[in-house]
Amino acid sequence: RIDAAGDALAAAPKSVVHRVDTFISSVEAFHEQLAARGIRMSELRVSPRVRHGAWFVIRESLLLALVLPVALVDHFAHDIPVRVARAFARRSLARDPSRDQPAMRTIVAAAGLLLGWYLILGTAFDQWFGAGIALFALAIMALSASAEVAFRGRVARARRRARSYLALRADPTFRSSALAEADRLVEEALAIERVLAVEGPATPVAH
């Protein structure tokens with residue numbers, strides 16, 4: 230919809246262009262106002278009620294407690310060979326400034342190192358605990374791939390949401406005015422879209 234509106238804007242009257250410029254400036258100013266308080270625009274409608282905040286803490290704590298052991302397995306199983314592969318790729322970059330070669334070398338080196346690391350760990354588990362435990366451990370390692378990345382992302386999102394919750398709860402008046410401004414901006418965006426669909430080129434704006 231933004232692409233279609235941008236195409237239509239090229240043939241729009243100056244008054245519409247000015248209206249769009251004003252709208253963009255308002256959105257940027259609103260975003261900066263929220264960012265100054267540590268609030269993300271996507272989390273503006275987070276409920277500031279205590280019961281919702283308490284449920285958020287309980288839910289996120291349980292989820293993170295469940296994911297943490299898997300993330301630790303992922304870190305142990307994959308982080309070491311991947312770090313070595315990245316170091317190899319960065320060192321090769323000094324000799325070959327090509328953009329695609331370091332990325333390809335990272336993939337190839339990481340695949341080889343991961344396979345070797347799996348063999349080493351599988352052999353160690355087999356010697357210590359037996360073949361059955363070794364196969365089970367390798368299966369868990371394979372299934373845990375990317376769990377650490379997901380864990381870090383979940384923690385980061387929880388922190389952002391908690392920060393927004395506390396900021397919105399601390400100033401109910403600001404929350405009310407911010408919600409009103411967000412609704413106004415949405416209405417203005419839809420109004421501009423309708424104007425561009427009428428006054429712009431023949432290609433309609435998608436809805």
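If you want the numbering used here, it's the position in the sequence shown, counting the first as 1, plus 229. We put the CB at the ideal spot given by N, CA and C, even for glycine.
Checklist entry - Three or more beta-carbon pairs under 8 Å between the segment 371-384 and the segment 285-305, yes or no? => result These segments touch.
Item to check | Residue-chain proximity (Arg389, chain D), Cβ-Cβ < 9 Å | outcome: Included in the structure is just one protein chain, with no chain D present.
Checklist entry - Taking the alpha-carbon positions, what's the Gly351 to Phe317 distance? => result Within the sequence shown, the letter at position 122 stands for residue 351. Within the sequence shown, the letter at position 88 stands for residue 317. Those two C-alpha atoms are separated by around 25 Å.
Checklist entry - Ends of the alpha helix (DSSP H) at Val285? => result Taking the sequence shown and counting its residues from 1, one reaches residue 285 at position 56. Looking at the sequence shown, residue 285 is not Val but Phe. Here the alpha helix (DSSP H) through Phe285 covers Val279 to Asp303.
Checklist entry - Is Ser406 buried or exposed, if buried means 16 or more other CB atoms sit within 10 Å of its CB? => result Here residue 406 is taken as the residue at index 177 of the sequence shown, counted from 1. It is exposed - the Cβ of Ser406 has fewer than 16 other Cβ atoms within 10 Å.
Checklist entry - Can you tell me the Cα-Cα spacing of Arg280 and Glu289, whole angstroms? => result Residue 280 sits at position 51 when you count from the first residue of the sequence shown. Residue 289 sits at position 60 when you count from the first residue of the sequence shown. Whole-angstrom Cα-Cα distance: 14 Å.
Checklist entry - Helix or strand or just coil, what does DSSP make of Pro242? => result To locate residue 242, count along the sequence shown from 1; it is residue 13. Pro242: coil per DSSP, three-state reduction.
Checklist entry - How many Å lie between Ala376 and Pro310 at the Cα? => result Working through the sequence shown from its first residue, we reach residue 376 at position 147. Working through the sequence shown from its first residue, we reach residue 310 at position 81. One C-alpha to the other measures close to 16 Å.
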